[in-house]
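Asker: Everything in the sequence shown is counted per the UniProt record's numbering, starting at 1 for the first residue and increasing by one. A virtual CB, placed ideally from N, CA and C, is assigned to each residue, including glycine. All values derive from a computational prediction rather than experimental measurement.
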Amino acid sequence: MSKNYNDLADSIVTLVGGEQNINSLYHCITRLRFKLKDISIAQQNTSKIKELAGVLSVVEANNQYQVVIGNEVENVFNTIMARYNIKSALGSDNNDEITTNSEEEKEGNIFLRFFNTLSSIFNPIIMPLAGAGMIKALLVVLTTYNFMSAESSTYKILSATGNSVFYFLPLFLALSAARVFKANQFVALAIVAALLEPNFTALVTANGVTVDFLGLPAILMGYSGTVIPAIISIFVYSKLEKILKRFIPKSLEIFLLPMVALLIMVPLTVMVIGPVGVYLGDGLGSLINIISERSGLLAGLVIGGGWTLLVMIGIHWGVVPIMVNNLATYGYDIIRPMVAAATFASAGAALGVFFRTKSKETKSLALSSLVPALLGGITEPIVYGLSVKYKKPLIAQIIAGAIAGAFMGAMKTKAIVYVFPALTTLPAFFGETFPIYCIGIAMAFFLSAILTYILGLDEKIEEVKKEDEKLLSPVDGEVIQIESVKDPVFSTKAMGEGFAVIPKSNQIYAPISGVVETVFPTQHAIGIKGDNGLEVLVHIGINTVELNGKYFDISCVAGSRVTKGMIIGEVDFKALQAAGYDSTTMVVVTNGNELSEPVKFDIKEIHLAGGAV
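#1: Could you give the DSSP three-state label for Phe355: helix, strand or coil?
#2: Which residues share a DSSP beta bridge with Tyr509?
#3: So Pro229 and Pro170 are supposed to be a Cβ contact under 8 Å. How far apart are they, rounded?
#4: Bridge partners for Met312 per DSSP, in chain order?
#5: Is DSSP giving Ser88 helix, strand or coil here?
#6: Report yes if the CB atom of Val383 is closer than 8 Å to the CB atom of Ser346, and no otherwise.
#7: So, is Arg294 buried or exposed, given that buried needs 16 or more other C-beta atoms within 10 angstroms?
#8: Please tell me whether residue 618 and Gly401 are closer than 8 Å, where the distance is taken between their beta carbons.
#9: Using alpha carbons as the reference points, say which of Asn45, Val68, Asn85 and Lys50 lies closest to Asn23.
#10: Rounded to whole angstroms, what is the Cα-Cα separation between Ala82 and Val16?
#11: Kindly give me the distance between the Cβ atoms of Leu375 and Thr413, rounded to whole angstroms, as I take these residues to be in contact under 8 Å.
#12: Pick helix, strand or coil for Arg7, following the three-state DSSP scheme.
#13: Below 8 Å between beta carbons: does that hold for Val278 and Asn207?
#14: When the Cα of Gly477 is compared with those of Ile606, Leu365 and Ala575, which residue comes out closest?
#15: Counting Cβ pairs closer than 8 Å, one from the segment 212-223 and one from the segment 255-274, do we hit at least three?
#16: Assuming Ala406 contacts Gly304 (C-beta within less than 8 Å), just tell me the rounded distance between them.
#17: Look at the alpha carbon of Leu262 and the alpha carbon of Gly274, and state the distance between them as a whole number of angstroms.
#18: Thinking C-alpha only, which one of Leu576, Lys48 and Ala366 is nearest Ser387?
#19: Name the DSSP bridge partner or partners of His27?
#20: Could you tell me the distance, in whole angstroms, from the CA atom of Ser583 to the CA atom of Ile526?
#21: To the nearest angstrom, how far is the alpha carbon of Gln577 from that of Pro521?
#22: What distance in whole Å lies between the Cβ atoms of Ile248 and Val240, which are believed to be in contact at a cut-off of 8 Å?
#23: From what residue to what residue does the beta strand (DSSP E) around Pro421 run?
#24: Report the CB separation of Pro393 from Gly352 in whole angstroms; it is logged as a contact under 8 Å.
#25: Distance check for Phe172 and Glu253, CA to CA, integer angstroms please.
#26: Output yes if chain D places a C-beta closer than 8 Å to the C-beta of Leu257; else output no.
#27: What residue range is occupied by the uninterrupted beta strand (DSSP E) comprising Ile502?
#28: Which whole runs of the alpha helix (DSSP H) in the segment 206-249 are 4 residues long or more, in chain order?
#29: Less than 8 Å between the C-beta atoms of Gly498 and Met408, yes or no?
#30: Taking only the alpha-carbon atoms, compute the straight-line gap between residue 631 and Phe420 and give it to the nearest angstrom.
#31: For the segment 122-158, list the alpha helix (DSSP H) runs that are entirely contained and at least 4 residues long, ordered along the chain.
#32: Buried or exposed: which applies to Gln481, given that a residue is buried once 16 or more other Cβ atoms fall within 10 Å of its Cβ?
#33: Beta strand (DSSP E) containing Phe77: first to last residue?
#34: Is it true that the CB of Leu52 sits closer than 8 Å to the CB of Val68?
#35: Can you check which of these residues, Ser159, Tyr453, Asn63 and Ser176, is closest to Lys391 by C-alpha distance?
#36: Does Pro435 pass the burial test, meaning 16 or more other C-beta atoms within 10 Å, or should it be called exposed?
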């Protein structure tokens, strides 16, 4: 049976201010990325959102409110989009569907806006880029060890499969950039497609060759696999499109706007934007290589140790264009191996936590987050679920990542295609530096695990004090034996051991600290899983399910965290009794048969609510 994400989706949307407060939403590999009308509403509930079961952390960066989910993010996103009328920030070619607006674009500093824009452009194409990259890497392995001939038709078909995304990368970028810059996506495709058209490519005998265009010199470049020219070109086109719409009549727009746009943008790109973009990309790649040549050790130290921090603030995607540009320009990239040091250091921290912690739940989290890190390169569940939470593992993985990154940087380790660093993507690093890469990631992994184990976790003692094992009365009133309740389901203890209270006030309090697992739609019953392992049901009144929520105002939601004595709602008990219902409120431990020792209650030891504990 598939997992139900409704409660988590509802809780997140409610706590960020409801669908009316959400301008747009999209997700990356591990995060829900909200653009909110009033971010202060969500900020007030940040602590509650962090405590939701299924949420790893909350990050505010790039003018976004980011809820870190981990591997289940797509399922949560799909649930939200299915249940609420929220626009996706991925939009479409229709400008009305693009949810960002000019006021939003002006918010935040220019540095964060720049990285956020790059992230938005590259996020949708990461998956095909990584998939095609792995095919190219596997072909290198197959031909190197003579499992397949490079002259065979099989190889050529698979090679076309692997090369497709890289050869036509400008088209992918044009489509994605048009979405981000709020321009017509198909006109954008037409502009950049002209740069890959056979008649044009036949003119490009070498980069920098000059031809005549209307009597003006045009410097031609090869644009296959390039990154910067397409992005700049579509950015300029997005501005031009707005101007053209002011002057072209709506009745003629369907053909006149794209015709004028193509006549302006293609020559402009060929003569100015394209060459500038190519030279800029080449210069950026040369700068990276110069830094690596002069001090690869220092570069690796910074990237290997600092990558985790970039992940934490959510701008790591902004570095992707540099890596992709390196691959297109030189056929290899030196940054990805340094990033791999940080990835495997995160995985090592999870292993260290697994062996160091005494908590079964923490062991389970460490093991479950270790697998996607090693096999898929996804580390955010480790970073937020373990490293940030326990602090010292974060220190350990930064140190290990820096050392391993410095080692691989000093040895000029290379990646031959773009992939997420993981055990499954080892072929992407195949080549003369492959042994160095293997040593580097092993160094990062085991050094981080050892340091995490030595440094410890700053883990609070998870054994609950005897006082904390006691339940609090959920209402002020007279505590009575569960056997005296006028409902055989409770009085016979069929639901479990417990006690009952005859209410004297309307406030409802949390009887235990933990996470709310269930709030019945009628609000008459609340299920809480306590930090000490007890699963507690608070059932307000007898047969009150028939009221369908009338007289009830429960403020907690499924997935939210509560502390013992915290007010979680109110019930109008006088009105409830006047309607003919018994207001007796039952508190039952529903998992008593799973505990090592039986649960027993002495009603004389039950503290009354209202802060008595």
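Answerer: To lay it out plainly:
#1: Of the three classes helix, strand and coil, the one that applies to Phe355 here is helix, per DSSP.
#2: Per DSSP, Ile567.
#3: Indeed they touch by this definition, with Cβ atoms about 7 Å apart.
#4: Met312 is not bridged to any residue.
#5: Ser88: strand per DSSP, three-state reduction.
#6: Yes.
#7: Around the CB of Arg294, fewer than 16 other CB atoms lie within 10 Å, so the residue is classed as exposed.
#8: There is no way to answer for residue 618, as the model of the chain reaches only from 1 to 613.
#9: Taking each of Asn45, Val68, Asn85 and Lys50 in turn and checking the Cα distance to Asn23, the smallest one comes out for Asn85.
#10: One C-alpha to the other measures close to 17 Å.
#11: The Cβ separation is near 21 Å, so there is no contact.
#12: First, the residue type needs correcting, since residue 7 is Asp and not Arg in the sequence shown. Asp7 carries a helical assignment under DSSP once its states are collapsed to helix, strand and coil.
#13: A contact, by the Cβ cut-off of 8 Å.
#14: Of the listed residues, the one whose Cα sits closest to Gly477 is Ile606.
#15: Taking 8 Å as the limit for Cβ pairs, the verdict is that the segment 255-274 does touch the segment 212-223.
#16: Contact between Ala406 and Gly304 holds: CB atoms are separated by about 6 Å, below the 8 Å threshold.
#17: If you take the alpha carbons of Leu262 and Gly274, they lie about 15 Å apart.
#18: Ranking the options by Cα distance to Ser387, first place goes to Ala366.
#19: When DSSP reads this structure, His27 sits in a beta bridge with Leu32.
#20: For the pair Ser583 and Ile526, the Cα-to-Cα distance works out to about 15 Å.
#21: Those two C-alpha atoms are separated by around 21 Å.
#22: The question names Val, but residue 240 is Leu in the sequence shown. The beta-carbon separation of Leu240 and Ile248, rounded to 12 Å, does not stay under the 8 Å limit for a contact.
#23: That residue, Pro421, is in no beta strand (DSSP E); it is neither H nor E in DSSP.
#24: Confirmed, about 6 Å.
#25: Their backbone Cα atoms lie some 25 Å apart in a straight line.
#26: No chain D is part of this structure, which consists of one protein chain only.
#27: Run containing Ile502: Gly498 to Pro503, per the beta strand (DSSP E) assignment.
#28: Runs of alpha helix (DSSP H) with 4 or more residues, each lying fully within the segment 206-249, are found at 228-247, listed in chain order.
#29: Result no, Cβ atoms of Gly498 and Met408 do not sit closer than 8 Å.
#30: Only positions 1 to 613 of the chain appear in the structure, and residue 631 is not among them; the question remains open.
#31: Counting whole runs of 4 or more residues, the segment 122-158 contains the alpha helix (DSSP H) stretches 126-144.
#32: When all chains shown are included, Gln481 counts as exposed.
#33: Here Phe77 belongs to no beta strand (DSSP E); instead the alpha helix (DSSP H) covers Val73 to Arg83.
#34: Here Val68 is not near Leu52, since their CB atoms are 8 Å or more apart.
#35: A check of alpha carbon separations from Lys391 across Ser159, Tyr453, Asn63 and Ser176 identifies Tyr453 as the nearest.
#36: Counting Cβ neighbours within 10 Å, Pro435 comes out exposed, since fewer than 16 surround it.
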